[in-house]
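Counting along the sequence shown from 1, when you hit position 157 you're at 227 in the working numbering, and nothing is skipped either side. Just so it is clear, CB atoms sit at the ideal spot from N, CA and C, and this is done for glycine as well. Small disclaimer: the values here were computed from a predicted structure and weren't measured. Structure, as structure tokens:
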Amino acid sequence: MRRRHLLAGLAGAATAVVTGCIGNGPAASSGGTTTGDDATTGRSDETGNSALDLREANVTGVETEPVTDGVRFDVTLYHDDDGEDGHANWWQVERLDGDRLGRRDLSHAHGTLEFTRSSTVQIPDDVDCVVVRGHDQTHGYGGQAMLLAIDDGATRTVRQGEDPDSFSSSDCP
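Put into structure tokens, the structure is as follows:
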């Protein structure tokens, strides 16, 4: 009987965690069309990210998939949302010169685990490499961003400062 209650409690907690992120669609962004999906993974730091400044919204993974209305981006962020007023509040996809192509807004804190959110972004035909940046309410930009080659999905991590840097094609993976 005790085991049944324990399992029921764990199932209820898991359901609460998952439903906490459902229905948080993205806001439309200027400069690009963005639609939201909630492909969520909550996993602890299995990727050796201990050197990251967790006060910043660090991009730790990007996967893409071509879809009919653009490119679906699955972006994983790592940010310690516990213990401060702000939280990771968006990630965005940009051209190398910093022009935004799309943005995925995040409406609530996600604790201390890495999490993945998805969005579809229209990528112009003349763009073959993009920057994916995280942002948080307290510190703005900072932490780790990723350069992504659109054709093969290769990525390269870069540290960004408080202000977004521009990149050149030679910086791409």
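Alpha-carbon spacing of residue i relative to residue j, whole angstroms
i      : j      : result
Phe237 : Ser188 : 24 Å
Glu133 : Ala127 : 17 Å
Phe185 : Asp196 : 30 Å
Leu147 : Ala121 : 14 Å
Asp233 : Gly210 : 8 Å
Leu183 : Ala158 : 12 Å
Gly231 : Asp222 : 27 Å
Gly172 : Gly212 : 18 Å
Glu135 : Asp235 : 26 Å
Coil, strand or helix - residue i by DSSP
i      : result
Ser189 : strand
Asp206 : strand
Asp139 : coil
Asp167 : coil
Asp241 : helix
Ala215 : strand
Asp144 : strand
Val197 : coil
Gly231 : coil
Ala158 : strand
Gly223 : coil
Cys91  : Because Cys91 carries a pLDDT of 44, less than 50, the predicted location of this residue cannot be relied on, and no value is offered for it.
Asp115 : Note that Asp115 has pLDDT 34, beneath the 50 cutoff, so the model's placement of it is unreliable and the number below is only indicative. The answer is coil: DSSP assigns Asp115 none of H, G, I, E or B.
CB contact flag (residue i, residue j, <9 Å)
i      : j      : result
Val137 : Thr208 : no
Arg203 : Trp161 : yes
Gly131 : Gln192 : no
Ala244 : Pro243 : Beyond the ends of the chain as shown, which are 71 and 243, falls residue 244; an answer cannot be given.
Nearest residue (CA-CA) to residue i, options the options
i      : options                   : result
Ser177 : Gly212, Asp206 and Asp221 : Asp206
Ser240 : Asp198, Glu232 and Ala121 : Asp198
Neighbourhood of residue i by C-beta distance below 7 Å, restricted to the same chain and skipping five residues each side
i      : result
Arg229 : Gln214
Arg165 : Leu171, Val197 and Val200
Any non-hydrogen atom of the ligand NAP closer than 8 Å to residue i Cβ
i      : result
Val145 : The ligand content of the structure shown is nil, which means the ligand NAP is not present either.
Contact set for residue i: own chain, Cβ-Cβ below 6 Å, skip 5 residues either direction
i      : result
Asp216 : According to the sequence provided, residue 216 is Met. The question's Asp does not apply to it. Closer than 6 Å at the Cβ level, and outside the excluded window around Met216, lie Val129, Val132, Val202, Thr225 and Thr227.
Asp167 : Ser236
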